[in-house]
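Residue numbers (the working numbering), protein chains in the order written: chain X, 76 to 453; chain D, 4 to 181. To start, the structure itself, in C-alpha cells.
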Ligand SMILES: [Zn+2]
C-alpha cells in the first residue's frame with residue numbers, strides 16, 4: 076500500500092472565550108499548516124472538515140468554513156466526529172488515488188454554547204434524552220463502573236489530573252497549566268460523583284489543521300525533517316445505548332488498537348509517546364489499558380509507578396492532554412499534530428527524546444462509544 | 004450576554020488556582036471593540052417512535068407493565084427493546100414481561116445545575132439498573148433515598164407513574180427494595 080504522510084500542521088492556542096470567529100480560527104490554522112508544509116493553497120487538491128452543526132449552531136457547518144479552509148473552487152467534505160476520524164477520511168481519499176494534497180481541518184468554539192445542552196441531544200430523543208443525561212453525568216457512571224470493577228480509588232484517578240496539568244506547563248498552546256496535588260483534585264467541587272471539577276476537562280475553543288499527502292507528493296513538496304508517516308490506523312464502535320454496554324469494557328478500543336498495531340507492524344512496547352483522549356481522568360487509565368500498555372485494571376498502578384510520566388517508560392499526554400485543553404472535535408486532530416511535532420523533534424520543552432513512533436487516540440460518542448487509533452512514525 | 008448561558012462547568016474563573024495565565028486577549032481588541040451576538044435556535048420536531056418502542060411504551064402506558072424482548076437466536080433479552088439483536092442482527096420478536104426489579108450496576112449523584120435539561124433539582128441520582136430477567140441495563144433516576152446513600156449492587160424496583168403518557172417517565176424512577 077502507498078504511504079501517506081502528514082507534511083504540515085497548524086494549531087491555534089487553545090483557550091476559553093476565544094475572540095476569533097469560526098472562520099478566523101480556520102484561516103489561522105490552515106495558513107499555519109500550509110506555511111509549515113512549505114506549500115501554497117494552489118497545491119491543495121481537497122479539504123476534509125471536521126465540524127459539528129450543533130456545536131456551531133448552524134447546519135452544513137462545513138460550508139461556512141470552506142473559504143477559510145482553502146476549499147474555494149475545490150472539493151470539501153465533512154466528518155462529524157473527532158478529528159482522528161477526519162484524518163482517516165483524508166488518508167482514505169488519498170489512497171483511493173482520486174485525490175491529491177488534502178487539508179484536514181477541525182474547529183471548535185464550545186465556550187460560545189452550552190455543553191450540557193448540546194451533549195444531552197446526543198442521547199436518543201425516544202428514550203434517554205428526557206432523563207436529562209449529558210456527557211458528564213454519563214461519564215460519571217462509567218467512572219464508577221470502572222472503579223468498582225477494578226477497585227480503583229478516587230485518589231488514584233486524581234493523579235492523572237496532577238500529571239497532565241503539570242505536563243501542560245511545558246506546552247504554550249495548553250489552556251490550564253497548573254501545579255496541583257492529588258489533594259487539590261480531591262478538594263475541588265463535586266460535579267457528578269465520583270468526578271470532581273479537576274477530574275473533568277474544560278470546554279475549550281481552538282482549531283487545528285493537518286496537511287496530508289501521498290508518498291510521491293510528500294517527497295515532492297516537503298523535506299524529510301517535516302514528513303511524518305501515517306503507519307497504521309484502526310477504528311471500532313461499541314453499542315449506542317449505555318445500558319447495552321458494560322461501561323468498564325474497552326472492547327471497541329481493543330479492536331481499534333489491534334488493527335492499528337497490525338497495520339503498522341508494531342506493538343504497544345514500541346510506542347515512544349502517546350496522546351490519549353483524557354476527557355476525564357479515569358478515561359486516560361481505561362484507554363491506556365485498552366491500548367495494551369498494561370493489563371485491564373492496572374492503569375492506576377502503572378501511573379503511580381511513574382510509567383506514564385513525562386520521564387517515564389511511555390510518556391502519556393506530554394501536551395497536557397484534554398484535561399488541560401479540550402476543544403471537542405479538534406482534540407484528536409490536535410493529538411495527531413502534537414505527535415507529529417514530537418516525531419519531528421519540534422516539541423520544545425515537552426520534547427520526548429528520540430521519539431520515533433507515536434500513538435494518537437480519539438473517541439466519538441458518549442463514554443467512548445467509538446475509538447480511532449493512529450500510529451505515526453518518522 | 005451570551006456568556007451568561009455558559010455551563011457551570013465552564014466557569015473555571017471561580018477557582019483562583021486555575022486563573023494564572025489562562026486568558027490572552029488578542030491584539031485586535033485593543034483597537035476594536037469586540038461585538039458579540041446572543042442567539043438561540045428553536046426548531047420543533049415530532050419524532051416517530053417506531054414499531055418496537057411504540058409497543059413498549061404502549062404496554063407501559065396502558066397496562067403499567069415493563070416489557071423486554073428476546074433474540075430468538077442467542078436468547079439475549081433487551082430493555083429498552085430492540086428491533087434487531089446487537090450480536091446476531093436477527094429480528095427480535097419474542098416479548099417477555101419483566102418483574103420491574105433490578106440491581107444498581109453503576110450510578111452517579113449529580114451536583115451541577117442545568118435546569119434546561121435536568122428533570123429535577125440537584126443533588127439527584129442516575130443509575131444503570133441491570134433489570135431482573137434482562138441482559139441489558141436501563142438508565143433512570145434513583146429516588147426515595149438520600150442520593151448519597153445509593154450503592155452499587157443495591158436492589159431497586161421501578162415505580163410506575165400514576166399518570167402515564169407513553170414515555171420513559173411512565174416509570175417515575177427506581178427506588179430501593181425494602
Ligand atoms: Zn442474538
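By construction, the Cβ of each residue, glycine as well, lies at the ideal position given by its N, Cα and C atoms. Quick caveat: nothing in here was measured; it's all calculated off a predicted structure.
For ligand 1, list every residue whose C-beta falls under 6 Å from any of its heavy atoms, going in chain order.
So the residues near ligand 1 by this Cβ test are 74(D), 76(D), 77(D), 79(D), 88(D), 90(D), 91(D) and 93(D).
Measuring alpha carbon to alpha carbon, tell me which residue in 290(X), 269(X), 329(X) and 358(X) is nearest residue 110(D).
Working through the second chain from its first residue, we reach residue 110(D) at position 107. The option with the nearest alpha carbon to residue 110(D) is 269(X).
Take every Cβ of the region 362-371 of chain X, pair it with every Cβ of the region 321-336 of chain X, and state whether three or more of those distances are shorter than 8 Å.
Yes, since at least three Cβ pairs between the region 362-371 of chain X and the region 321-336 of chain X fall closer than 8 Å, the two stretches touch.
DSSP puts residue 86(X) in a beta bridge; with which residues?
Working through the first chain from its first residue, we reach residue 86(X) at position 11. According to DSSP, residue 86(X) bridges with 283(X).
Of the residues 278(X), 400(X) and 160(X), the one placed nearest residue 253(X), counting alpha carbons only:
By 1-based counting over the first chain, the position of residue 253(X) is 178. Looking only at 278(X), 400(X) and 160(X), the smallest Cα-Cα distance to residue 253(X) is reached by 400(X).
What is the residue span of the beta strand (DSSP E) that residue 448(X) lies within?
Taking the first chain and counting its residues from 1, one reaches residue 448(X) at position 373. Residue 448(X) -> beta strand (DSSP E) spans 445-452.
N- and C-terminal bounds of the alpha helix (DSSP H) containing residue 130(X):
The residue given as residue 130(X) occupies position 55 in the first chain. From DSSP, the alpha helix (DSSP H) with residue 130(X) extends over 128-131.
Between 164(D), 82(D), 35(D) and 129(D), which has its C-alpha nearest residue 151(D)'s C-alpha?
Working through the second chain from its first residue, we reach residue 151(D) at position 148. Comparing Cα-Cα distances from residue 151(D) to each of 164(D), 82(D), 35(D) and 129(D), the minimum goes to 129(D).
Can you check whether the CB of residue 122(X) is closer than 8 Å to the CB of residue 176(X)?
By 1-based counting over the first chain, the position of residue 176(X) is 101. By 1-based counting over the first chain, the position of residue 122(X) is 47. Taking a C-beta distance under 8 Å as the contact criterion, residue 176(X) and residue 122(X) do not qualify as a contact pair.
Neighbouring residues, chain X, relative to residue 121(D) (Cβ below 8 Å):
For the purposes of this step, residue 121(D) is taken as the residue at position 118 of the second chain. Identification of chain X residues near residue 121(D) by a Cβ-Cβ cut-off of 8 Å yields 207, ordered along the chain.
To which residues does DSSP link residue 270(X) through a beta bridge?
Within the first chain, the letter at position 195 stands for residue 270(X). Beta-bridge pairing by DSSP links residue 270(X) to 267(X).
Since residue 171(D) meets chain X, which of its residues come closer than 8 Å, beta carbon to beta carbon?
Residue mapping note: residue 171(D) aligns to position 168 of the second chain, counting from 1. Chain X residues near residue 171(D): 202, 203, 205 and 206.
Apply the 10 Å Cβ neighbour rule to residue 228(X) and answer buried if 16 or more other Cβ atoms are within range, or exposed otherwise.
Sequence index remark: in the first chain, residue 228(X) carries index 153 (1-based). Exposed, since its Cβ has fewer than 16 Cβ neighbours within 10 Å.
Three-way DSSP call (helix, strand, coil) for residue 212(X) in this model:
Taking the first chain and counting its residues from 1, the one referred to as residue 212(X) is at position 137. Looking at residue 212(X) - three-state DSSP - the assignment turns out to be helix.
Closer than 8 Å, CB to CB, is residue 266(X) near chain D or not?
In the first chain, the residue the question calls residue 266(X) occupies position 191. Chain D contact via Cβ: present.
Thinking C-beta only, is residue 389(X) closer than 8 Å to residue 349(X)?
Taking the first chain and counting its residues from 1, the one referred to as residue 349(X) is at position 274. Taking the first chain and counting its residues from 1, the one referred to as residue 389(X) is at position 314. Taking 8 Å as the Cβ cut-off, residue 349(X) and residue 389(X) qualify as a contacting pair.
With 7 Å as the limit, tell me which residues of the region 212-227 of chain X have their beta carbon closer than that to any beta carbon of chain D; keep them in chain order.
Those would be 212, 215, 216, 219, 220 and 223, in chain order.
From what residue to what residue does the beta strand (DSSP E) around residue 50(D) run?
Taking the first residue of the second chain as position 1, residue 50(D) is located at position 47. Unbroken run through residue 50(D): none, as it is neither H nor E.
Under 7 Å between beta-carbons, which chain X residues line up against residue 70(D)? List them in chain order, please.
Here residue 70(D) refers to the residue found at position 67 of the second chain. Neighbourhood of residue 70(D) in chain X, by CB distance below 7 Å: empty, with the nearest CB roughly 14 Å away.
Which residue comes first and which comes last in the beta strand (DSSP E) that contains residue 198(X)?
Position 123 of the first chain, counted from the first residue, corresponds to residue 198(X). That residue, residue 198(X), is in no beta strand (DSSP E); it is neither H nor E in DSSP.
Using a C-beta to C-beta distance shorter than 7 Å, which residues of chain D count as neighbours of residue 322(X)?
On the first chain, position 247 is the one that residue 322(X) refers to. Going along chain D in sequence order, the residues near residue 322(X) (Cβ under 7 Å) are 109.
Ligand 2 and residue 412(X): does any heavy atom of the ligand fall closer than 7 Å to the residue's C-beta?
Among the ligands present in this structure, namely ligand 1, ligand 2 is not found.
Consider the Cβ of residue 282(X): report whether some Cβ of chain D lies at a distance smaller than 8 Å.
Within the first chain, residue 282(X) is the residue found at index 207, counting from 1. Taking 8 Å as the CB threshold, residue 282(X) stays off the interface with chain D.
Taking beta-carbon pairs under 9 Å, can you tell me which members of the region 84-115 of chain X lie near chain D?
Residues of the region 84-115 of chain X with a C-beta less than 9 Å from any C-beta of chain D: 88, 90, 91, 92, 93, 94 and 95, listed in chain order.
Which whole-angstrom value is the C-beta distance of residue 63(D) and residue 135(D), which I expect to be below 8 Å?
On the second chain, residue 63(D) is found 60 positions in, with the first residue counted as 1. On the second chain, residue 135(D) is found 132 positions in, with the first residue counted as 1. Contact flag wrong, Cβ pair sits at about 17 Å.
Counting only Cβ-Cβ distances shorter than 7 Å, please list the residues of the region 183-196 of chain X near chain D, keeping chain order.
Going along the region 183-196 of chain X in chain order, one finds 186, 187, 189, 190, 191, 192 and 195 with a Cβ nearer than 7 Å to chain D.
Chain D residues whose Cβ lies nearer than 8 Å to that of residue 335(X)
As a first step, residue 335(X) must be located in the first chain, where it is residue number 260. What residue 335(X) touches in chain D: nothing, since even the nearest Cβ is about 24 Å away.
Using a C-beta cutoff of 8 Å, does residue 50(D) count as contacting chain X?
Locating residue 50(D) in the second chain gives position 47, where the first residue counts as 1. Among the residues facing chain X, residue 50(D) is included, as its CB has a counterpart in that chain under 8 Å away.
Contact belief for residue 192(X) with residue 119(D) at Cβ below 8 Å, rounded distance in angstroms
Taking the first residue of the first chain as position 1, residue 192(X) is located at position 117. Taking the first residue of the second chain as position 1, residue 119(D) is located at position 116. So it is a contact: roughly 6 Å between Cβ atoms.
CB contact flag (residue 129(X), residue 310(X), <8 Å):
Position 54 of the first chain, counted from the start, is the residue given in the question as residue 129(X). Position 235 of the first chain, counted from the start, is the residue given in the question as residue 310(X). Their beta carbons are not under 8 Å apart, which means residue 129(X) does not touch residue 310(X) by this criterion.
Coarse secondary structure for residue 135(X), derived from DSSP in three states:
As a working note, residue 135(X) is residue 60 in the first chain. If DSSP states are grouped into helix, strand and coil, residue 135(X) belongs with coil.
Within this structure, are the beta carbons of residue 319(X) and residue 139(D) separated by less than 8 Å?
Along the first chain, read from residue 1 onward, the residue named residue 319(X) stands at position 244. Along the second chain, read from residue 1 onward, the residue named residue 139(D) stands at position 136. Taking 8 Å as the Cβ cut-off, residue 319(X) and residue 139(D) qualify as a contacting pair.
Straight-line Cα distance separating residue 437(X) from residue 337(X):
Taking the first residue of the first chain as 1, we reach residue 337(X) at position 262. Taking the first residue of the first chain as 1, we reach residue 437(X) at position 362. In a straight line, the C-alpha of residue 337(X) is about 18 Å away from that of residue 437(X).
Residues near residue 139(X) by beta carbon distance below 8 Å, same chain, minus five either side:
Along the first chain, one-based indexing puts residue 139(X) at 64. Answer for residue 139(X): 97, 98, 131 and 133, listed in chain order.
Is residue 209(X) buried or exposed, if buried means 16 or more other CB atoms sit within 10 Å of its CB?
Position 134 of the first chain, counted from the start, is the residue given in the question as residue 209(X). With 16 or more Cβ atoms within 10 Å of its Cβ, residue 209(X) is classed as buried.
CB contact flag (residue 96(D), residue 83(D), <8 Å):
By one-based count along the second chain, residue 96(D) stands at place 93. By one-based count along the second chain, residue 83(D) stands at place 80. No; because the gap between Cβ atoms is not below 8 Å, this pair is not in contact.
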